[in-house]
Amino acid sequence: MNLSLPFWLLLALIGLFATVTVGQSPCDASTRIRCNIHCRSYNKLPLCDDNECACEDKPTKAPKPPVEPPTKPPKTPEES
Numbered sequence: 001m002n003l004s005l006p007f008w009l010l011l012a013l014i015g016l017f018a019t020v021t022v023g024q025s026p027c028d029a030s031t032r033i034r035c036n037i038h039c040r041s042y043n044k045l046p047l048c049d050d051n052e053c054a055c056e057d058k059p060t061k062a063p064k065p066p067v068e069p070p071t072k073p074p075k076t077p078e079e080s
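Here UniProt numbering is used: the first residue of the sequence shown is 1, the next is one more, and so on.
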């Protein structure tokens, strides 16, 4: 059985995971907690990157349009 292809696929996945992990620099735990408390007091979403806190507006859901009951067609003189 040729294990060359699965080996290279596994190596590529590990490289991709390492790139994504290193590319993100999350905040320290204490900074993240302070950011959460600060932003939630304004009812916003906390975003913490590179030890800096930013608050973002929460996405709003569009209200559902009211459902209208089905209407019956008007009666014609022949049906009366």
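For every residue, glycine included, the Cβ atom is placed at its ideal position computed from N, Cα and C.
Contact set for residue i: own chain, Cβ-Cβ below 8 Å, skip 5 residues either direction
| i | result |
| --- | --- |
| Leu-45 | Cys-39, Cys-55, Glu-56, Asp-57, Lys-58 |
For residue j and residue i, the rounded distance between their alpha carbons
| i | j | result |
| --- | --- | --- |
| Pro-69 | Lys-75 | 18 Å |
| Ser-4 | Leu-11 | 11 Å |
| Lys-72 | Glu-78 | 16 Å |
| Leu-13 | Asn-51 | 28 Å |
| Ala-62 | Leu-9 | 43 Å |
| Cys-35 | Leu-16 | 29 Å |
| Ala-29 | Lys-64 | 39 Å |
Below-9 Å beta-carbon distance, residue i vs any chain D residue
| i | result |
| --- | --- |
| Lys-61 | Note that chain D does not occur in the displayed structure, where there is just one protein chain. |
Close beta carbons around residue i, own chain, < 6 Å, minus the five adjacent residues each side
| i | result |
| --- | --- |
| Arg-32 | Cys-48 |
Residue i, DSSP secondary structure in three states
| i | result |
| --- | --- |
| Cys-53 | strand |
| Cys-27 | coil |
| Thr-66 | The residue asked about is misnamed: residue 66 is Pro in this sequence, not Thr. Of the three classes helix, strand and coil, the one that applies to Pro-66 here is coil, per DSSP. |
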